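Below: one structure, written as structure tokens.
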Amino acid sequence: DGGITQSPKYLFRKEGQNVTLSCEQNLNHDAMYWYRQDPGQGLRLIYYSQIVNDFQKGDIAEGYSVSREKKESFPLTVTSAQKNPTAFYLCASSMDTVSNEQYFGPGTRLTVT
Amino acid sequence: LAKTTQPISMDSYEGQEVNITCSHNNIATNDYITWYQQFPSQGPRFIIQGYKTKVTNEVASLFIPADRKSSTLSLPRVSLSDTAVYYCLVVPTSGTYKYIFGTGTRLKVLA
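Protein chains in written order, with the working numbering: chain C, 93 to 205; chain L, 426 to 536.
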């Protein structure tokens with residue numbers, strides 16, 4: 093089955109620790125995205141990547157970092173510099189960045205205490 | 426980027442048709458209107474997309490008047506499983522990528 097996988101589904105970390113969220117897709121999509129969602133809110137764009145070895149900051153990139161070494165993978169690192177890291181993180185992909193259909197993964201719920 | 430405005434919440438009963446309206450006064454010529462559905466603790470799912478007039482697929486219809494300043498997502502005969510948040514997005518087909526998910530419309534379907 094083609095799709096996007098995110099792991100783990102739930103993640104707990106202590107304040108001050110960096111944590112990396114995994115996102116893998118086998119849809120052969122060029123573009124990948126990371127969003128953050130807080131309770132009762134819409135999605136906010138953290139980073140996006142149009143192609144391998146290239147990525148751009150979204151609206152709330154501070155405290156986050158990404159890499160895109162492979163087409164299939166777009167991991168997100170939540171660094172200790174992110175002031176409010178507890179949130180629901182969603183990864184998505186699309187054929188390209190002008191495609192109107194994004195495919196979302198199941199999400200990772202990160203709790204930092 | 427065109428900003429969208431949707432009702433915060435709606436209630437409906439099973440079997441009814443639900444219409445969710447979205448206003449987008451500043452929509453540009455090349456923008457498409459796209460709707461996503463999101464269940465709790467899941468990623469959004471693409472429902473339908475249109476440019477003008479009417480688009481229909483197996484789950485919904487999208488009505489867009491000639492001036493394109495608003496659009497209406499129509500869900501025929503909703504069931505309890507249609508309880509979700511519905512997002513209206515105006516998506517550019519050229520230029521810098523940007524999707525803006527507002528707070529959406531929380532639809533609750535009652536038995």
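We put the beta carbon where it would ideally sit given N, CA and C, even for glycine.
If you're wondering where the values come from, they're calculated on a predicted model, not measured in any experiment.
Reduced DSSP category for residue i - H, G, I as helix; E, B as strand; rest coil
{"i": "L:L505", "result": "helix"}
{"i": "C:G150", "result": "coil"}
{"i": "C:P215", "result": "For residue 215 of chain C there is no data in the structure shown, the boundaries of chain C being 93 and 205."}
{"i": "L:F488", "result": "strand"}
{"i": "L:G475", "result": "strand"}
{"i": "L:R493", "result": "coil"}
{"i": "C:P100", "result": "coil"}
{"i": "L:Q462", "result": "strand"}
C-beta neighbour in chain C for residue i, strict 8 Å
{"i": "L:F471", "result": "yes"}
{"i": "L:S466", "result": "yes"}
{"i": "L:F488", "result": "no"}
Neighbour flag for residue i against chain L, beta carbons, 8 Å
{"i": "C:A153", "result": "no"}
{"i": "C:G199", "result": "yes"}
{"i": "C:F147", "result": "no"}
{"i": "C:F196", "result": "yes"}
{"i": "C:L168", "result": "no"}
{"i": "C:A184", "result": "yes"}
Within chain C, partners of residue i - CB distance below 7 Å
{"i": "L:S379", "result": "Nothing can be reported for residue 379 of chain L: it is not among the residues displayed for chain L, which extend from 426 to 536."}
Per-residue contacts from residue i into chain L (C-beta, under 7 Å)
{"i": "C:L113", "result": "Going along chain L, no residue has its Cβ under 7 Å from C:L113, so there is no contact; the nearest lies around 13 Å."}
{"i": "C:G134", "result": "Y512, F526, G527, T528, G529"}
Proximal chain L residues relative to residue i, where beta-carbon distance stays under 9 Å
{"i": "C:E116", "result": "Ordered by position in chain L, no residue passes the 9 Å Cβ test against C:E116, which lies about 14 Å from the chain."}
{"i": "C:E193", "result": "T459, F471, Q474"}
With a floor of 4 residues, list each alpha helix (DSSP H) that falls wholly inside the region 135-203 of chain C, ordered by position along the chain.
Segments of the alpha helix (DSSP H) lying fully in the region 135-203 of chain C: there are none.
Is it a yes or a no for the region 152-168 of chain C touching the region 124-138 of chain C, going by three-plus beta-carbon pairs under 8 Å?
Verdict: yes, contact present.
Validate contact between the region 484-494 of chain L and the region 430-438 of chain L using beta carbons, cut 8 Å, 3 pairs:
By the Cβ criterion, the region 484-494 of chain L is not in contact with the region 430-438 of chain L, since fewer than three pairs of Cβ atoms, one from each stretch, lie closer than 8 Å.
Is the number of C-beta pairs between the region 452-459 of chain L and the region 132-139 of chain C that are closer than 8 Å three or more?
Verdict: no, contact absent.
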